[in-house]
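Under the working numbering, think of the first position of the sequence shown as 44, with each following residue one higher.
What follows is a single structure, written as structure tokens, with notes after it.
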Amino acid sequence: MIYELSTQACPGQPHLKDINMAKPLSIIGVPMDFGQMLRGVDMGPAALRYTGLIPRLRRLGYDVKDEGDIPIPVRDDVPAMEGVTDRYVKEITQISHDIYKTGCRVMDQGRMPIFLGGDHAIAIGTVASVAVKGSVGLIWVDAHADFNTPQTSPSGNIHGMPLAVLTGDGHPCLVDAGHAGTKISLDDVVMIGQRDLDPGEKKRIKSSGITIFTMRDIDEQGISAIAAKIMVQFAHLKRFHLSLDMDALDPVEAPGVGTPVPGGISYREAHLLMELLADSGKLGSMDLVEINPILDVANKTSKLAVELILSALGKSIL
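The following block contains the structure:
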């Protein structure tokens, strides 16, 4: 059942700053684990639903529709991979097309898509679907840059390549997923929280001119100053897409991820960033990825992920 928007919040219940301006939301699960080798990340969407994401969004005042999950092949049934640079390219390309079609349909209905991963390779389809409607900014919050190509990646894992693919560099099938060619300009991308980069990836980032705020930048400048700079950079855009990988946070806060890296974004830094992005009024879509419930501790990572989504969508202290 779809919750109807009301102009009055229930007593004692958090509410949006302007509930009449709230867009209807569509939750789209993408339980994909083809982008990397560690099993378990495919259970991320179920964990977020189990943790109460949808009823809590409705209590916040949103009209929420659960679109269900994108169909994903069973990885054990997929034939052996051909080579390290072709690891599951066929499957990820098809899944990206399916994500794209669902995202486009939801956008055509005037609903804001919230994609639940799965590994970060889902962004190949999610960003493609929201970018087709016109220029969009992309905020990439991640411990990693995901800016590798098959030539620079030490592992060949495609969850380390989606940002390169979206900006037009990578396996041709993936670059053309959804619709042909580059999905987003390098000038319209901001990366936040990076602290674990591969050697070839570092060279690509430096030569690209892409905006990046590493953990050192967060330490030196503070998250509020960085958020302000992002809003200046995106001033010409009407909306942006948030791609949030939970390994951007410090593993103390988010242990249930496949590639944890010490020294990440703190609990309050993450919430403040979400709150400031919400204040901008320009968040048009988002994906949240890389929760691995098998590795989690007392569902801590899923609980934090739900809280961060709520903060990004307008939940505030007052």
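Each residue gets a CB set at the ideal place from its N, CA and C atoms; glycine is no exception.
CB contact check: residue i to chain C, cutoff 8 Å
| i | result |
| --- | --- |
| Leu206 | The structure shown has no chain C; it contains just one protein chain. |
Buried versus exposed call for residue i [16 or more other C-beta atoms within 10 Å across all chains shown]
| i | result |
| --- | --- |
| Tyr105 | buried |
| Ile167 | buried |
| Ala278 | exposed |
| Thr50 | At Thr50 the pLDDT is 31, less than 50, meaning the model places this residue with poor confidence; the figure from the coordinates comes in the next sentence. By the 10 Å Cβ count, Thr50 comes out exposed. |
| Tyr131 | buried |
| Glu312 | buried |
| Pro305 | exposed |
| Asp339 | buried |
Identified DSSP bridge partners for residue i
| i | result |
| --- | --- |
| Ile182 | Val233, Leu285 |
| Asp112 | Gly72 |
| Phe256 | Ile235 |
| Ile157 | Ile70, Met329 |
| Ile227 | None; Ile227 has no bridge partner. |
| Leu292 | Ile308 |
| Val107 | Leu68 |
Host alpha helix (DSSP H) of residue i (start-end)
| i | result |
| --- | --- |
| Pro88 | 87-93 |
| Val275 | 266-276 |
| Gly168 | 166-174 |
| Leu240 | Unbroken run through Leu240: none, as it is neither H nor E. |
| Arg101 | 96-102 |
Simplified DSSP assignment, three categories, for residue i
| i | result |
| --- | --- |
| Gly203 | helix |
| Gly357 | coil |
| His163 | helix |
| Arg118 | helix |
| Ser323 | helix |
| Asn63 | Confidence at Asn63 is low in this model, with a pLDDT of 39, below 50, so the placement of that residue should be treated as unreliable; the coordinate-derived value is given next. Here Asn63 sits in helix by DSSP. |
| Thr145 | helix |
| Ile352 | helix |
| Ile334 | coil |
Query raised in the report: Taking three-plus beta-carbon pairs below 8 Å as touching, is the region 188-204 in contact with the region 309-325?
Result: no
Query - Three or more C-beta pairs below 8 Å linking the region 163-178 and the region 247-265 - result: no
Query raised in the report: Contact between the region 212-225 and the region 305-325: three or more CB pairs below 8 Å?
Result: no
Query raised in the report: Can we say the region 183-195 touches the region 143-161, given the rule of at least three CB pairs closer than 8 Å?
Result: no
Report task. Assess, as a yes-or-no matter, whether the region 264-278 is touched by the region 238-245 under the definition of 3 or more beta carbon pairs within less than 8 Å. Result -> no
Query raised in the report: If you pair each beta-carbon of the region 342-356 with each one of the region 289-301, do three or more pairs fall below 8 Å?
Result: yes
Report task. Would you be able to state if there are at least three C-beta pairs under 8 Å between the region 329-340 and the region 152-171? Result -> yes
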